[in-house]
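Encoded as structure tokens, the structure appears first; notes follow it.
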Amino acid sequence: MTAGQISPRRLLTWPNLLSAVRLAMVPLFIVLFLQGRARLAFSVFVIAGVTDWLDGLIARFWKQESTLGAYLDPAADKLLLFSAFVLLTISDAHGGAQMPWIVTLLVFVRDIMIVTGAWIYVGLLGQPKPLPRALSRWNMVIQLVALGVLLLSGLVGLFGALAPVAIGISLLMTVVSGLDYAYMFIILPIVQRNARVAYAPDASTTSGAASVEPAVGAASASSSRADFSP
Numbered sequence: 010m011t012a013g014q015i016s017p018r019r020l021l022t023w024p025n026l027l028s029a030v031r032l033a034m035v036p037l038f039i040v041l042f043l044q045g046r047a048r049l050a051f052s053v054f055v056i057a058g059v060t061d062w063l064d065g066l067i068a069r070f071w072k073q074e075s076t077l078g079a080y081l082d083p084a085a086d087k088l089l090l091f092s093a094f095v096l097l098t099i100s101d102a103h104g105g106a107q108m109p110w111i112v113t114l115l116v117f118v119r120d121i122m123i124v125t126g127a128w129i130y131v132g133l134l135g136q137p138k139p140l141p142r143a144l145s146r147w148n149m150v151i152q153l154v155a156l157g158v159l160l161l162s163g164l165v166g167l168f169g170a171l172a173p174v175a176i177g178i179s180l181l182m183t184v185v186s187g188l189d190y191a192y193m194f195i196i197l198p199i200v201q202r203n204a205r206v207a208y209a210p211d212a213s214t215t216s217g218a219a220s221v222e223p224a225v226g227a228a229s230a231s232s233s234r235a236d237f238s239p
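Oh and the sequence shown: position 193 is 202 in this note's numbering, straight run, nothing missing.
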């Protein structure tokens with residue numbers, strides 16, 4: 010194996026396999042939903058969510074992080090979430106409450122803003138790659154719960170009553186999380202740049218101080234010669 014090749018053992022890890030399974034479950038979820046089989050669609054959705062939790066747990070505790078997993082895991086997550094948001098917005102095949110289009114639109118806008126902001130932040134400004142925000146993790150959990158509530162809203166009366174609450178909380182967290190990333194990618198770099206400019210030494214002051222120092226030194230030297238002259 011050459012230096013440029015990647016060991017198959019590093020690719021065929023349990024987290025990567027779980028992410029691949031979750032990715033493969035997305036088409037199954039879409040088909041079941043459009044067929045009106047809401048209970049089965051919900052079951053697939055829950056199993057996919059559990060695999061997301063498991064692959065992260067295994068990757069952290071058994072040290073099985075990989076470059077492939079860093080791309081495969083979020084890709085599977087986003088494809089599942091986007092599919093559920095779009096389906097629950099454009100179709101009522103599940104026989105329950107639907108997701109308002111404004112919420113789905115804000116979810117897409119938030120993620121586009123994060124991808125674009127990260128590219129500018131890291132690629133153009135040369136900043137280190139940011140760690141995931143705590144609010145972003147909570148936002149994803151709340152989105153999964155809200156989608157699950159809507160999927161079951163046509164089957165269980167309680168979930169139908171909770172659907173407006175779940176939608177409202179999901180909308181709020183999407184906006185708050187988006188503003189949190191906007192602060193990190195836009196406002197914080199501006200504040201840091203202004204702080205560097207404010208505390209940077211003034212060139213004219215520095216040159217002036219440099220010109221005064223030799224004069225002071227010369228004056229003190231001549232004074233010393235005068236004191237010690239015979």
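For every residue, glycine included, the Cβ atom is placed at its ideal position computed from N, Cα and C.
All of these numbers come straight from a predicted model, not from anything done at the bench.
Item                                                                                                                         : Value
Simplified DSSP state of residue 162, which is helix, strand or coil                                                         : coil
Cβ neighbours of residue 56 in the same chain (closer than 6 Å, five flanking residues each side left out)                   : none
Expected contact under 8 Å - CB spacing of residue 183 and residue 112 to nearest Å                                          : 7 Å
Endpoints, the alpha helix (DSSP H) within which residue 82 is located                                                       : 76-99
Straight-line gap, residue 102 to residue 46 (C-alpha atoms, nearest Å)                                                      : 8 Å
Option in 142, 51, 61 with minimal Cα separation from residue 104                                                            : 51
At least three beta-carbon pairs within less than 8 Å, the segment 196-210 to the segment 156-170                            : no
Proximity winner among 66, 39, 163, 48, relative to residue 24 (alpha-carbon distances)                                      : 66
DSSP three-state assignment for residue 22, whether helix, strand or coil                                                    : coil
Neighbourhood of residue 235 by C-beta distance below 8 Å, restricted to the same chain and skipping five residues each side : With a pLDDT of 40 at residue 235, under the threshold of 50, the modelled position of that residue is not reliable, and no figure is offered here.
Of the listed residues 54, 37, 41, nearest to residue 156 (C-alpha basis)                                                    : 54
Sequence-distant residues of the same chain with beta carbon closer than 7 Å to residue 28, five excluded per side           : 64, 78, 81, 82, 85
Expected contact under 8 Å - CB spacing of residue 193 and residue 139 to nearest Å                                          : 6 Å
Helix, strand or coil at residue 31 [DSSP, three-state]                                                                      : helix
Supposed contact pair residue 153 and residue 97 - C-beta distance, whole angstroms, cut 8 Å                                 : Residue 97 to residue 153, Cβ: 13 Å. No contact.
7 Å Cβ cutoff met for residue 179 and residue 196                                                                            : no
Helix, strand or coil at residue 218 according to DSSP, with G and I counted as helix                                        : In this prediction, residue 218 scores a pLDDT of 47, lower than 50, which makes its location untrustworthy; the coordinate-derived value is nonetheless stated afterwards. Helix.
Nearest neighbour of residue 145, chosen from 87, 163, 20 [CA to CA]                                                         : 87
Backbone secondary structure at residue 139 - three-state DSSP                                                               : coil
Residue 90 vs residue 35 beta-carbon contact at 7 Å                                                                          : no
Secondary structure of residue 71, DSSP reduced to three states                                                              : coil
Reduced DSSP category for residue 104 - H, G, I as helix; E, B as strand; rest coil                                          : coil
Length-filtered (4 minimum) alpha helix (DSSP H) runs lying within the segment 156-204                                       : 166-191
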